[in-house]
Amino acid sequence: MATIVQRPKLNLLERSYFPAILGGLWITIKHFIKMLFGQTKVTMQYPEQKWDSAMPEWYRGAPTLVKDEHNRERCVACQLCEFICPPRAITIKPGELPGDNRWSKVEKYPEKFDIDMIRCIYCGLCEEVCPEQAIFLRKDYSITGLTRSEMVHDKEKLYELGGVMHGLVHKWNEKK
Amino acid sequence: MPSLDLFLQPEIFLVWTAALKTFVILGVVLTMVAYSVWAERKVSAFIQDRIGPNRVGWAGLIQPVADGVKLLLKENFVPGGVNKFFFSIAPSLAMIPAILVLAVLPFGSSLFGVPMVIANLDIGVLWVFAVSSLGVYGIVLAGWASNSKYPFLGGIRSSSQMISYELSLGLSVVPVFMITGTLNLGEIVQYQVDHGWMVFPAWFQSGGGLLEITTDNGGMFGLDLGQSLLWIPMMISFVIFMIAMFAETNRVPFDLPEAEQELVGGYHTEYSSMRFALFFLGEYAAMIAGAGVIVTLFLGGWSLPFVPDGSQGWFWGLVNIGTFFAKVAAIIFFFLWVRWTLPRFRFDQLMKLGWYVFFEVALLNIFLTAGILAYLQS
Ligand code: SF4
Ligand code: SF4
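These protein sequence lines are chains G and R, in that order.
Mapping of the first sequence onto the working numbering: position 118 corresponds to residue 128, and the numbering continues sequentially without gaps.
Mapping of the second sequence onto the working numbering: position 336 corresponds to residue 364, and the numbering continues sequentially without gaps.
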């Protein structure tokens, strides 16, 4: 059913606009003066001020690869992350570890590991699916580049961002 | 030294002082134009709880320079199908009238005996109205020559806007001339020095007042009957003139020719680079000229109560010039403040306001002033 909205009847003073105009001017000058004396909270001035210190523990930034305490690359090139990545940002080329390697029983390692940061949606599924705890989303959020190829993080870059992580998976260590 | 004598001959003295004043005023005003753009951005930001430009220079103070360089380096694009001649002269037509108005504004009393006005015309006010109304041609021509519908609508709006406020603009200042008895802007200011500002008539020369306080240097402060009576029509004039000035300078709430939300950019939609900049800066130059006219007619021009004029030494001459520009800056701030407060009037509302309200009130105001003057003289 149609609702009829009763228009308010304005008196002469209200129809002359003046009270409304003066009221408006009063509101805006209040904001102006408050801002002038720095009493207004404003947006963070981003490149100078950063919110890094306020970032929560669970923040999902750029995905990175990590090495373990023996400086072994943890990734075993199982390609699970490549399969699960929704936007297909990850490309892995697996390789075989040579027999004389200390970690040869691991058998596989990623020869190439690229994450296209233009594609990545920071969903964290790669971190969740990884059986080796080799891939982690770190707190880097300002990933920039001038070309598309610059935005593809290769293995070197991923390790540089990821660094070393201790503990967690010990199954490849020598038996004590 | 014969060469110095040559410079002091009356005619030659007039020429080079006028040239000097012209250059200095042009420099000052163009700087003010650039910085009123900055002020506009800052004021709007502050009113909206933002920070505004703060990257180029301290508090963004070099921003106008950066903007200017950017506009100079942009491609000066001429769309196909435009009327090239009118398309290229329209921006200048928008800028020039605003600057010409400055010629007759007394921006100070005198400095070393040289009157601080470029052209002391006896028809000063008529010159102001005649020239500043030409500014509308820039807009109309731009709209028409652009061969595009949005600019065209902007141009049409501009002309209909002009016919609806121009009458009340002219009529609203008639009472000022009736009281001062002159069209010369310098003399109007001098009248306000003697009798108090038009909107604040709180001092006068000779006795007979309702309330008098004599100050140390012989001036009298207080109210006299005539001035308090004339204050009423003066306030009406002031309000109407101020509002008509908003329309004349195409400022919100009367920025119909531009109306970003409805007409893209209005009359300057098709313009780029320096041609666009001329329109943009012309608007601010018109605003400064308009503020100058308001200050001269109603706010006592360069005068401050009981501050001597330039004949008392160059220091006071400089104080007077500073006072004038401070008052202009205050009026400009008011323009900006209003812009970021009020919504735009609709087309028919503006015409209604101009024809039904302000025209009549301004006309009645003339009779009211005449009545009061007749009563005072009898
Ligand atoms: S975070 Fe998500 S989108 Fe980014 S690489 Fe990992 S799985 Fe792919
Ligand atoms: S899921 Fe883990 S171990 Fe498997 S390829 Fe990805 S990063 Fe390497």
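All C-beta atoms, glycine included, are put in the ideal place defined by N, C-alpha and C.
Quantities reported herein were computed from a predicted structural model and do not represent experimental measurements.
*Going by C-alpha distance, which of R:Ala87, R:Ala398, R:Val56, R:Gln377 is nearest Arg25 (chain G)?*
Translated into the one-based positions of the first sequence, residue 25 (chain G) becomes position 15. Checking every option, the nearest Cα to that of Arg25 (chain G) belongs to R:Gln377.
- [ ] Run through the segment 81-150 of chain G for me and flag every whole beta strand (DSSP E) of 3 or more residues, listed as ranges in chain order.
- [x] Counting only runs of at least 3 residues, the segment 81-150 of chain G fully encloses the following beta strand (DSSP E) elements, listed from N- to C-terminal order: 100-106, 118-126, 145-147.
- Message: Could you pull the DSSP bridge partners for Ser138 (chain R) from this structure?
- Response: The count along the second sequence starts at 1 and reaches residue 138 (chain R) at position 110. Beta-bridge pairing links Ser138 (chain R) to R:Pro143.
**Report entry** Cα-Cα separation, Tyr312 (chain R) to Pro38 (chain R)
**Finding:** Start at 1 with the first residue of the second sequence, and residue 312 (chain R) comes out as number 284. Start at 1 with the first residue of the second sequence, and residue 38 (chain R) comes out as number 10. Rounded to the nearest whole angstrom, the CA to CA distance from Tyr312 (chain R) to Pro38 (chain R) is 36 Å.
How would you list, in chain order, the residues of chain G whose beta-carbon sits under 9 Å from the beta-carbon of Trp365 (chain R)?
Start at 1 with the first residue of the second sequence, and residue 365 (chain R) comes out as number 337. In chain order: Leu35, Thr38, Ile39, Phe42.
Is Leu147 (chain G) close to ligand 1? I mean its beta-carbon at under 7 Å from any heavy atom of the ligand. Here residue 147 (chain G) is taken as the residue at index 137 of the first sequence, counted from 1. Yes, the beta carbon of Leu147 (chain G) sits closer than 7 Å to at least one heavy atom of ligand 1.
>> Since Lys77 (chain G) and Phe123 (chain G) should fall inside the 8 Å C-beta cutoff, what is the C-beta to C-beta distance between them, to a whole number of angstroms?
In response: Here residue 77 (chain G) is taken as the residue at index 67 of the first sequence, counted from 1. Here residue 123 (chain G) is taken as the residue at index 113 of the first sequence, counted from 1. Not really, about 13 Å apart at Cβ, beyond 8 Å.
Under 7 Å: does the beta carbon of Tyr132 (chain G) sit that close to some heavy atom of ligand 1? Residue numbering aside, residue 132 (chain G) sits at position 122 when the first sequence is read from its first letter. Yes, ligand 1 has a heavy atom inside 7 Å of this Cβ.
Output the residue ranges of the alpha helix (DSSP H) runs that lie fully inside the segment 72-125 of chain R and measure 4 residues or longer, sorted by chain position. Scanning the segment 72-125 of chain R from its first residue to its last, the whole alpha helix (DSSP H) runs of 4-plus residues come out as 91-101.
| query | Would a C-beta distance cut-off of 8 Å place Val71 (chain R) and Leu370 (chain R) closer than the cut-off? | reply | One-based indexing of the second sequence puts residue 71 (chain R) at position 43. One-based indexing of the second sequence puts residue 370 (chain R) at position 342. In terms of Cβ geometry, Val71 (chain R) and Leu370 (chain R) do not form a close pair [threshold 8 Å].
Query raised in the report: Three-state secondary structure (DSSP) at Gly236 (chain R)?
Result: Indexing the second sequence from 1 puts residue 236 (chain R) at position 208. Unreliable placement is indicated for Gly236 (chain R), whose pLDDT of 49 sits below 50; the coordinate value is still reported in the next sentence. DSSP places Gly236 (chain R) in coil when its eight states are reduced to three.
Select from the segment 61-76 of chain R all residues with a C-beta closer than 9 Å to any C-beta belonging to chain G, and list them in chain order.
Listed in sequence order: Val71, Ala73, Phe74, Ile75, Gln76.
What do you reckon, are the CB atoms on Trp172 (chain R) and Leu327 (chain R) nearer than 8 Å?
On the second sequence, position 144 is the one that residue 172 (chain R) refers to. On the second sequence, position 299 is the one that residue 327 (chain R) refers to. No. Outside cutoff.
Could you name the residues of the same chain whose beta carbon sits closer than 6 Å to that of Pro107 (chain R), not counting the 5 residues immediately before and after it, in chain order? For the purposes of this step, residue 107 (chain R) is taken as residue 79 along the second sequence, with counting starting at 1. These residues qualify, in order along the chain: Glu298.
Residue interval of the beta strand (DSSP E) (run including Thr74 (chain G)): For the purposes of this step, residue 74 (chain G) is taken as residue 64 along the first sequence, with counting starting at 1. Membership of Thr74 (chain G) in the beta strand (DSSP E) is indicated by the continuous run 73-75.
Q. Quick one: Cα of Val97 (chain R) to Cα of Leu309 (chain R), how far?
A. Residue mapping note: residue 97 (chain R) aligns to position 69 of the second sequence, counting from 1. Residue mapping note: residue 309 (chain R) aligns to position 281 of the second sequence, counting from 1. Roughly 14 Å between the two C-alpha positions.
Residue(s) in a DSSP beta bridge with Trp225 (chain R):
Mapped onto the second sequence, residue 225 (chain R) falls at position 197. According to the DSSP secondary-structure assignment, Trp225 (chain R) is paired through a beta bridge with R:Phe228.
Is any beta-carbon of chain G found at less than 8 Å from that of Trp86 (chain R)? Looking up residue 86 (chain R) in the second sequence gives position 58. Not closer than 8 Å to any Cβ of chain G, the Cβ of Trp86 (chain R) fails to qualify, so no.
Paired residues, beta bridge with Val162 (chain G) - DSSP: Here residue 162 (chain G) is taken as the residue at index 152 of the first sequence, counted from 1. Residue pairing for Val162 (chain G): DSSP places it in a beta bridge opposite G:Asp126.
task: Give, in chain order, every residue of the segment 45-56 of chain G whose Cβ lies closer than 7 Å to some Cβ of chain R.
output: Residues Met45, Leu46, Thr50, Val52.
*Ile100 (chain G) classed as buried or exposed, judged by whether at least 16 other C-beta atoms fall within 10 angstroms*: As a first step, residue 100 (chain G) is located in the first sequence; it is residue number 90 there, counting from the start. Buried: at least 16 other Cβ atoms inside 10 Å.
Fill in: Chain-ordered residues of the segment 143-158 of chain G with a beta carbon less than 8 Å from chain R
So the list is empty, because no residue satisfies the distance condition.
ask   = Which residues in the same chain as Asn111 (chain R) place their Cβ atom closer than 8 Å to its Cβ, once the five residues preceding and following it in sequence are excluded?
value = By 1-based counting over the second sequence, the position of residue 111 (chain R) is 83. Contacts found: Trp172, Ala173, Asn175.
Straight-line Cα distance separating Ser196 (chain R) from Ile394 (chain R): As a position in the second sequence, residue 394 (chain R) is number 366, starting the count at 1. As a position in the second sequence, residue 196 (chain R) is number 168, starting the count at 1. The straight-line gap from Cα to Cα measures roughly 11 Å.
Worksheet entry | Under 8 Å by beta carbon: chain C residues contacting Ile31 (chain G) | No chain C is part of this structure, whose protein chains are labelled G and R.
DSSP three-state assignment for Val168 (chain R), whether helix, strand or coil: As a first step, residue 168 (chain R) must be located in the second sequence, where it is residue number 140. In this structure, Val168 (chain R) counts as helix in the three-state DSSP scheme.
Interface flag, Ile322 (chain R) vs chain G, CB-CB below 8 Å: For the purposes of this step, residue 322 (chain R) is identified with residue 294 of the second sequence, where counting begins at 1. The C-beta of Ile322 (chain R) comes no closer than 8 Å to any C-beta of chain G.
Item to complete: Mark Glu68 (chain R) as exposed unless 16 or more other C-beta atoms lie within 10 angstroms of its C-beta, in which case mark it buried.
Response: For the purposes of this step, residue 68 (chain R) is identified with residue 40 of the second sequence, where counting begins at 1. Its Cβ being crowded by 16 or more others within 10 Å, Glu68 (chain R) is buried.
Please go through the same chain and pick out, in chain order, the residues whose beta-carbon is closer than 8 Å to the beta-carbon of Phe180 (chain R), but skip the five residues on each side of it.
Numbered from 1 along the second sequence, position 152 holds the residue referred to as residue 180 (chain R). If you ignore the 5 residues before and after Phe180 (chain R), its C-beta comes within less than 8 Å of the C-beta of Gly171, Trp172, Ser174, all in its own chain and listed in chain order.
Residue span of the alpha helix (DSSP H) that contains Asn348 (chain R), given as start and end
Taking the second sequence and counting its residues from 1, one reaches residue 348 (chain R) at position 320. Run containing Asn348 (chain R): 342-367, per the alpha helix (DSSP H) assignment.
Checklist entry - Taking Cβ positions only, does Ile79 (chain R) come closer than 8 Å to chain G? => result Numbered from its first residue, the second sequence carries residue 79 (chain R) at position 51. Yes, because at least one Cβ of chain G sits closer than 8 Å to the Cβ of Ile79 (chain R).
For the alpha helix (DSSP H) containing Gln49 (chain G), name the first residue and the last one. Here residue 49 (chain G) corresponds to residue number 39 of the first sequence, with the count starting at 1. In the DSSP annotation of this structure, Gln49 (chain G) is not part of any alpha helix (DSSP H), being labelled neither H nor E.
Q. What residue ranges within the segment 157-210 of chain R form continuous alpha helix (DSSP H) runs of no fewer than 4 residues, ordered along the chain?
A. Counting only runs of 4 or more, we get 177-208.
Suppose you measure from the CA of Ser161 (chain R) to the CA of Phe304 (chain R); what does that come to, to the nearest Å?
Counting from 1 along the second sequence, the entry for residue 161 (chain R) is found at position 133. Counting from 1 along the second sequence, the entry for residue 304 (chain R) is found at position 276. Taking the Cα positions, Ser161 (chain R) is about 20 Å away from Phe304 (chain R).
Exercise. Could you tell me whether any non-hydrogen atom of ligand 2 is closer than 7 Å to the CB of Ile125 (chain G)?
Key: In the first sequence, counting from the first residue as 1, residue 125 (chain G) sits at position 115. Result no, Cβ not under 7 Å from ligand 2.
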